[in-house]
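Note sheet for the following structure.
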Amino acid sequence: MLIKRVALQNWRSHKNTQLEFTKGTNILVGIMGSGKSSVLEAICFALYGTFPALARKRIKLGQIVAHGNPNAVCKVEVAFEKDGKEYTIARTISDGKSDAEIRENGRLVETKSEAVTKMVEHILGVDYDLFSKAVYAEQNSLDYFLSLNPGERKKQIDDLIGIDRFELARANTTRLANKLSEDAEKNEREIARYNKGNMLSERENIRKQLDSAYEKRTRLVKESEEINTRVKMLGEKKEELEHKRRRYEELSREIIECNAYVESASKRVKNYTKEDFNKIKEEIAGLVEKTGRIKSAVEEKEKELTELNRKSGELETNIRNAELKIKEMEELEKRLNLLGAVENSVDIREKIGHLTSQLFAVEKEHSAKSAEISILEREVNALKDEIQEIEKLRKENAEVMGVHQRDLDN
């Protein structure tokens, strides 16, 4: 660092002072009270926003202004060079308050007082405490360290360069190292409790359990394939049921037409002979027979739907069993990891992932089939409603025909 220029305006005894410095030793010469110490205090103030007398409150900020004039503006400007860059710091005191700014090669970079101080500390690598004790010396304090006894001098120097912080860090590091050593010994004793033979036996037992889990997984996959086949068959039966539903609708329309015919015939029954009436009864009996066949078909489909629900329940049970086996395999993986079987753990994770994917696919298909079952149930219920309506119409026609039959018999 090379201080190149100092400018003082209304700073203590300096009304308007300009100082230029060059490389080498620069000496301020003057009679006592001419303001030599004030120049050094101004440099310290420009860099850090304070100086020892101000920091120790031997002087107030307002007393720095020349002749104690409260209306005057006090300004200190210091220009220095560091690492090929020129920095200019300006601090102003007005109305008992201090403002600051710093420029780098003429470019304004900071304006807040604290920010300027932090930037100076960063540029110089020296904070105020170190500067005020090791670089800057107050008037009549050059022999401060020389007047101390050796022990106190060593302590002051250690505090000055921060050795006490390193000593504290060293002590903390030592305690941490001792604690880690104790923990390591404790862990070694815990590990020593395990018998190698027992570990091998446990590992073999886990392998057997894992093989058993693989066998169960294979069985589950096979059962899943069988379930898929059954679901496919149920889909085909669903299509068959849909075909029969359409046929049922056709028969329902025929029954409606027959009911209309019966109603029309009942109006003309008085004009019919007994032989004609017997013919009508035969037609009605045919309709009743058709209705019975439709009912039988519906009952059969209800049985198929019941079986479908049962198979769906089995599928849900198999899925739950598969999930339990996956959890068992994951637990086995954790136990193998504890025994150090890392390579087997990787294989297990891959197989668990594959089994999980298969299980997800089965669950997805099961959900789809459950939706199909719901649709079938709604369709069967609709068929039942239609049959009830037909049965109601048939009974009404039967009552009408019964009345006409009694009239003919009489």
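According to the working numbering, the sequence shown is numbered sequentially starting from 81. In this text, a Cβ means the ideal position worked out from N, Cα and C, and glycines have one as well.
Classify residue i as helix, strand or coil using the three-state DSSP reduction.
i: Ala159; result: strand
i: Thr97; result: strand
i: Lys213; result: helix
i: Arg85; result: strand
i: Leu314; result: helix
i: Asn461; result: helix
i: Met112; result: coil
i: Gly129; result: coil
i: Arg138; result: coil
i: Asn229; result: coil
Pull up the DSSP beta-bridge partners for residue i, would you.
i: Arg183; result: Thr168 and Leu188
i: Ser292; result: BP columns for Ser292 are empty, so no partner.
i: Arg326; result: Paired residue(s): none; Arg326 is not in a bridge.
i: Val145; result: Trp91
i: Cys154; result: Ile173
i: Ser178; result: Ile173
To the nearest angstrom, how far is the alpha carbon of residue i from that of residue j?
i: Glu363; j: Arg400; result: 56 Å
i: Arg326; j: Glu430; result: 50 Å
i: Leu120; j: Pro132; result: 11 Å
i: Asn151; j: Met199; result: 30 Å
i: Ile335; j: Glu305; result: 44 Å
i: Lys234; j: Ser212; result: 17 Å
i: Glu265; j: Glu166; result: 58 Å
i: Ile374; j: Ala340; result: 20 Å
i: Glu184; j: Val86; result: 16 Å
i: Glu469; j: Glu322; result: 20 Å
i: Glu410; j: Thr397; result: 20 Å
i: Ala187; j: Ile203; result: The residue asked about is misnamed: residue 187 is Arg in this sequence, not Ala. Roughly 16 Å separates the two Cα atoms.
i: Arg333; j: Glu343; result: 15 Å
i: His434; j: Lys383; result: 37 Å
i: Ala448; j: Lys391; result: 14 Å
i: Gly205; j: Ala195; result: 15 Å
i: Lys302; j: Leu331; result: 43 Å
Using the beta-carbon count (16 or more within 10 Å), is residue i buried or exposed?
i: Asn33; result: Outside the modelled stretch of the chain, which goes from 81 to 490, sits residue 33, for which no answer is possible.
i: Thr309; result: exposed
i: Lys405; result: buried
i: Ala126; result: buried
i: Val215; result: exposed
i: Lys155; result: buried
i: Ser118; result: buried
i: Val109; result: exposed
i: Thr386; result: exposed
i: Lys407; result: exposed
Is residue i close to chain D? Criterion is C-beta to C-beta, closer than 9 Å.
i: Asn258; result: No chain D is present in this structure, which holds just one protein chain.
Pairing CB atoms from the segment 254-263 with CB atoms from the segment 379-390, are three or more of them under 8 Å?
These segments do not touch.
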